[in-house]
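**Q**
There are 2 protein chains.
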Amino acid sequence: MNIDLCLKQIKEHVKKIEYLRYTNNGLLYWDKITQMPTKGNEYRSEVMAYIAGQIHSLSQDERLLRNLAFLEKQNPDDLSIRTNSMLRKIKRNYKYTYNIPVEEYKAYIHLISKAEEAWAISKKENNFEMLEPFLEKIVCYFRKFADYWGYENEPYDALLEYYEEGMTVKKIDAMFIELRNFIIDYLKKINGSKENIVSFDFNNKFIIDNQINMTNEILSMIGFDFEAGRVDQSIHPTILTCSNKDVRIVTNYDKNDFRKALTTALHEGGQGLYEQGIDDELYGSFLAESASMSILEAIADYYENIFGKSEEFLFLYYPKLIKYFGELENISEYDFYRSLNKVEPTFIRMDADELTYNLHIIIRYEIEKDLINGKIEVKDVKEIWNRKYKDYLGIEPPNDNLGILQDVHWFSGYFGYFPIYVLGNLYATQIYEKLKSEKTDYREIISEGRWIELQEWFKEKIFSHGATWNSEELIYLVTDENLKVDYFINYLKEKYDKIYNL
Amino acid sequence: MNIDLCLKQIKEHVKKIEYLRYTNNGLLYWDKITQMPTKGNEYRSEVMAYIAGQIHSLSQDERLLRNLAFLEKQNPDDLSIRTNSMLRKIKRNYKYTYNIPVEEYKAYIHLISKAEEAWAISKKENNFEMLEPFLEKIVCYFRKFADYWGYENEPYDALLEYYEEGMTVKKIDAMFIELRNFIIDYLKKINGSKENIVSFDFNNKFIIDNQINMTNEILSMIGFDFEAGRVDQSIHPTILTCSNKDVRIVTNYDKNDFRKALTTALHEGGQGLYEQGIDDELYGSFLAESASMSILEAIADYYENIFGKSEEFLFLYYPKLIKYFGELENISEYDFYRSLNKVEPTFIRMDADELTYNLHIIIRYEIEKDLINGKIEVKDVKEIWNRKYKDYLGIEPPNDNLGILQDVHWFSGYFGYFPIYVLGNLYATQIYEKLKSEKTDYREIISEGRWIELQEWFKEKIFSHGATWNSEELIYLVTDENLKVDYFINYLKEKYDKIYNL
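Going line by line, the protein sequences match chains A and B.
Per the working numbering, residue 333 is the first one in the first sequence, and the count goes up by one each step.
Per the working numbering, residue 333 is the first one in the second sequence, and the count goes up by one each step.
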């Protein structure tokens, strides 16, 4: 055996796994949520379960394991960067897939499916208490998973690491506490501002075809390649990637408010640019995907918020918006810009503005961290939730649906996941500062519609590398610094100081 | 080993193959022709080739082969009808898949891909001669394939058998010669008729949305279940079946003539009813598909021609057609009915009427039979083609595009395939006579729009059984007779005698 032959065999094998992922996680799932006739679901589920099983078997292939063991024995300096990244990725994948005993994992999956059903019922009854037994069991499982996966300091670290390689409570706390305190104080300042920002509660019928045309136009303008992707509709916006040449955005049009379609086009579109920008060469190594969920989120955040809610973008694009939605004729672009950036604490995370959104996430982070680490109990969670909303956002949920029942995540087994949203914002603004320092005519690029230049910069710095680097490595390579909270805080201050005349 | 355990293991294994066929031949192919962005094609082809290889490997699984060998040794009387059918189907499949040496098959596939490209170029240049070397090689391959597959009397029998189990030149000749002679004579009679039938060369812009609504309405009315199927658009109408609960019709709308959408809805819709009507129980046995291509074609022919071009259907549906296409207001339903059934020899098969269509097929059948059996040579084929068109249809192609270049089939390796179109017509009319004899109020069923009763009859007699029976067995079970040409001839005579006042 030699390294070249070994790598060749691994690549051939990994390609097979990628083909099946393309099929199952890409096309079959996309079809399921956008195209499939309802009665097709039962058989589709059988097919998808079979292919998932095939992926699982292929990942345990004996020759693959032998080849990987051979590579492990080599001096990493003798291997390319990509090979080392691939090995790291495969090892991570193994840890999460095989460290949990099969029977235990099956029981967990069964619990989750019951918990999700119970959550839907509890939402209807606006009653959190019935979910407590489920949440207790789920928390127990995640404490055990943390043990199986391993951690240095505290169990919750293991869950953070699952979503964001190298992340720990220590690192996050250092950033989140500073950010939280800043936002809480800053929110008070904003609340004290005398600026009157209208939020325009549209209740008009915005023609769907015009929203579709706007979506396609914006996607084209930011550089989305419609020969290597498409846009469809479903209840929940998302993006499904078959390959870098077949990226499928899923959006949603609301007759009463075109702004959701606008922000979704930019959010999912940003992710689409990322997926389309991944280097062809990365297929066959598990690296043909984004660096991490938080970096993918950072790009989405850049396009949706930093770019899409900027004066430069909105002022340039406003005449086209008026063309699509004549109702805007009576609203000035500046008032529209301010309305899109209005700060107002809300009970529901999904309705939150760019500033207070982070408090929603931090509350969830603080609660799940303490739950997993055993510092609080399930029976106290609702009260803690409500108190934190009062303390941080100044509003107390009047009922469970407007409070702890709003997200299905915990009942779907997402523990350690929420923080990536704030991390995404931090990465986004740090990258954005670097972008501005390199593109000294940044404002002109936006206001003159030369947006392809942004895509090209991101592609060179981030997209093309796929998952060769993890978030920590990538942010250092792109910005010459480790992740810091300062850029985000400065960004928020600069933006809202102006809007609120502070 | 006992029979029950053996059958259980076979079923589990066959299901896996069915899952992958569902994925590859159903969904991935459907997506490729209706949804996929163009640049996605290269990677898609890799994925589809991989899954096809997996299907191939699964079909050679050792335990499956052992189980099949065990069943083969049993007395067929000890096995259920379905088990015997499954065994026969698997044996057929093996013969066609594994009797050709792999290297030879690869070389053939390579030749076909070149031949298809050459065909496209020859069409542009309106020049058949450049295709002759390809056709010679393809014919050589099929002579060899015939030897690999085996036959009793003549090589072409082996190719017929591939598409229609049990079919031979002897059986077909007995029917096709009678049918050909009848149509040639009858065509002369029609040409001598003094009836003036207008064909309405529409050149209007028929609104696509109205054609879509018409298509959906007709499909619903004949019983197509939109919760277990859908309709999409592509260049060539077809149907892709994922499962009996997920059947995807692909149609095509022509702004200048809605009649294509009308006949396509009925043709593909008929096939859709068949696919949706297959019994759930047949999954896991390779029998969850139509009895044969010719029986599937027969159902399509029934809905498109026998039903869809009947007075009863057209008179009932005409007011709705006028609603969609106001241009029809000045045309009486009887004139419209006659225009849809106008007989007029054409150079192009796809433009042919219900009567002369059969001569197009018979010409192809006669030529390919003689080619494979070595009675004629490729260099003479074009001349023979043109002479037969003159002799049978009374028109001589003025150039290759209007003659021998019109179909890609031979250059795609379809030898032995064309006859199923005429066989489909024969099966259709024989089944239709049985239907009328059982449903004595047949005309009322059509003219009162009780079309679901037709679907129910077909489902009980044909659809639900899937491929449990082959065409020969099925026609005997449904009509108590073997296939005869008389029903079709009588049907044609009755129909056109009236229209042409003969």
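Note that the Cβ used here is the ideal one computed from N, Cα and C, for glycine as well.
Just checking my contact of Asp685(B) with Glu676(B) at CB under 8 Å: how many whole Å lie between their CB atoms?
**A** Going by Cβ atoms, the distance from Asp685(B) to Glu676(B) rounds to 6 Å, so yes, they are a contact pair.
**Q** Name the chain B residues that come within less than 8 Å of Leu360(A), Cβ to Cβ?
**A** In chain order: Thr355, Leu359.
**Q** In terms of residue numbering, what span does the alpha helix (DSSP H) encompassing Arg633(B) cover?
**A** Note that residue 633(B) corresponds to Asp in the displayed sequence, not to Arg. Where Asp633(B) is concerned, the enclosing alpha helix (DSSP H) stretches over 625-633.
**Q** Who are Ser575(A)'s beta bridge partners in DSSP?
**A** According to DSSP, Ser575(A) bridges with Asp578(A).
**Q** Just verifying my parser: in three-state terms, what is the DSSP assignment at Arg855(B)?
**A** This structure gives no information on residue 855(B), because the portion of chain B shown stretches from 333 to 834.
**Q** May I ask you to report which of helix, strand or coil DSSP gives Thr547(A)?
**A** If DSSP states are grouped into helix, strand and coil, Thr547(A) belongs with the helices.
**Q** Pick out the complete alpha helix (DSSP H) segments inside the region 756-798 of chain B, 4 residues or longer, and give them in chain order.
**A** DSSP runs (the alpha helix (DSSP H)) wholly in the region 756-798 of chain B: 774-779, 784-793.
**Q** Here's the rule: buried if 16 or more other CB atoms are within 10 angstroms of the residue's CB, otherwise exposed. What is Glu527(B)?
**A** Classification for Glu527(B): exposed.
**Q** Is the CB-CB distance between Ile383(A) and Leu352(A) below 8 Å?
**A** The answer is yes: Cβ separation under 8 Å.
**Q** Taking only the alpha-carbon atoms, compute the straight-line gap between Ser622(A) and Lys421(A) and give it to the nearest angstrom.
**A** So the two alpha carbons sit approximately 12 Å from each other.
**Q** Determine the direct distance from the alpha carbon of Lys364(B) to that of His797(B), and round the result to whole angstroms.
**A** Their backbone Cα atoms lie some 30 Å apart in a straight line.
**Q** Mind checking if Lys371(A) is an interface residue toward chain B, Cβ cutoff 8 Å exclusive?
**A** Yes, Lys371(A) lies at the interface with chain B (some Cβ there is under 8 Å from its Cβ).
**Q** Name, going along the chain, the residues of the region 338-353 of chain A whose beta-carbon falls closer than 7 Å to a beta-carbon of chain B.
**A** Cβ contacts with chain B come from Lys348, Tyr351.
**Q** Return the CA-CA distance between Ile695(A) and Leu594(A), expressed in angstroms with no decimal places.
**A** Their backbone Cα atoms lie some 28 Å apart in a straight line.
**Q** Let me check understanding here. Comparing Cα to Cα, which of Pro751(B), Asp739(B), Val810(B), Lys791(B) lies closest to Glu497(B)?
**A** Of the listed residues, the one whose Cα sits closest to Glu497(B) is Pro751(B).
**Q** I'd like to know whether the C-beta atoms of Trp742(A) and Leu572(A) end up nearer to each other than 8 Å.
**A** No; because the gap between Cβ atoms is not below 8 Å, this pair is not in contact.
**Q** Which ranges does the alpha helix (DSSP H) cover as unbroken runs of at least 4 residues, wholly within the region 341-397 of chain B, from first to last along the chain?
**A** As far as the region 341-397 of chain B is concerned, its whole alpha helix (DSSP H) runs of at least 4 residues are 361-366, 373-391.
**Q** By a C-beta neighbour count over all protein chains shown, 10 Å radius and 16 as the cutoff for buried, is Tyr428(A) buried or exposed?
**A** Classification of Tyr428(A): exposed, given that the 10 Å Cβ count is below 16.
**Q** Could you confirm whether any beta carbon from chain B is found closer than 8 Å to the beta carbon of Val434(A)?
**A** It does not: the Cβ of Val434(A) has no partner Cβ on chain B nearer than 8 Å.
**Q** Report buried or exposed for Tyr666(A), applying the criterion of at least 16 other Cβ atoms within 10 angstroms of its Cβ.
**A** Exposed, because fewer than 16 other Cβ atoms sit within 10 Å of the Cβ of Tyr666(A).
**Q** Since Tyr764(A) contacts Tyr634(A) with CB under 8 Å, what's their CB separation in whole angstroms?
**A** Right, their Cβ atoms sit about 6 Å apart.
**Q** Which residues in the same chain have their Cβ closer than 7 Å to the Cβ of Glu461(B), if we skip the five residues on either side of it in sequence?
**A** Closer than 7 Å at the Cβ level, and outside the excluded window around Glu461(B), lies no residue.
**Q** By Cβ distance, which residues of its chain are closer than 7 Å to Ser671(A), with the 5 residues on each side in sequence left out?
**A** Contacts found: Ile529, Val530, Ser531, Phe532.
**Q** Using a threshold of 8 Å, state whether the C-beta atoms of Phe679(B) and Ile727(B) are closer than that.
**A** The answer is yes: Cβ separation under 8 Å.
**Q** For the alpha helix (DSSP H) holding Asn822(B), just list the boundary residues, first then last.
**A** Where Asn822(B) is concerned, the enclosing alpha helix (DSSP H) stretches over 818-831.
**Q** Buried or exposed: where does Ala439(A) fall if 16 or more other Cβ atoms within 10 Å of its Cβ makes it buried?
**A** So Ala439(A) ends up on the exposed side.
**Q** Any C-beta of chain A sitting closer than 8 Å to the C-beta of Ser575(B)?
**A** Answer yes: the Cβ-Cβ gap between Ser575(B) and chain A drops below 8 Å somewhere.
**Q** How about Glu613(B): is its C-beta nearer than 8 Å to some C-beta of chain A?
**A** Not closer than 8 Å to any Cβ of chain A, the Cβ of Glu613(B) fails to qualify, so no.
**Q** Determine which residues of the region 777-809 of chain B have a Cβ less than 8 Å from any Cβ of chain A, and write them out in chain order.
**A** Those residues of the region 777-809 of chain B that come within reach of chain A (Cβ to Cβ, closer than 8 Å) do not exist; the list is empty.
**Q** Please return the same chain residues whose Cβ sits closer than 6 Å to the Cβ of Ile342(A), not counting the five positions on each side in sequence.
**A** Hits under 6 Å: Asn399.
**Q** Three Cβ pairs or more, each shorter than 8 Å: is that satisfied between the region 375-395 of chain A and the region 404-414 of chain A?
**A** Contact between the region 375-395 of chain A and the region 404-414 of chain A is absent, because fewer than three Cβ pairs lie under 8 Å.
**Q** Where DSSP assigns a beta bridge to Thr583(A), which residues make up the other side?
**A** For Thr583(A), which the question treats as bridged, DSSP gives the partners Gln565(A).
**Q** DSSP on Thr570(A), reduced to helix/strand/coil?
**A** Three-state result, Thr570(A): strand.
**Q** Do Leu554(B) and Tyr585(B) have their C-beta atoms within less than 8 Å of each other?
**A** Correcting the residue identity first, residue 554(B) is Ile in this sequence and not Leu. Taking 8 Å as the Cβ cut-off, Ile554(B) and Tyr585(B) do not qualify as a contacting pair.
**Q** Considering only the alpha carbon of each residue, which of Lys701(B), Lys348(B), Ile704(B), Pro730(B) lies closest to Glu715(B)?
**A** Out of Lys701(B), Lys348(B), Ile704(B), Pro730(B), Pro730(B) has the C-alpha closest to the C-alpha of Glu715(B).
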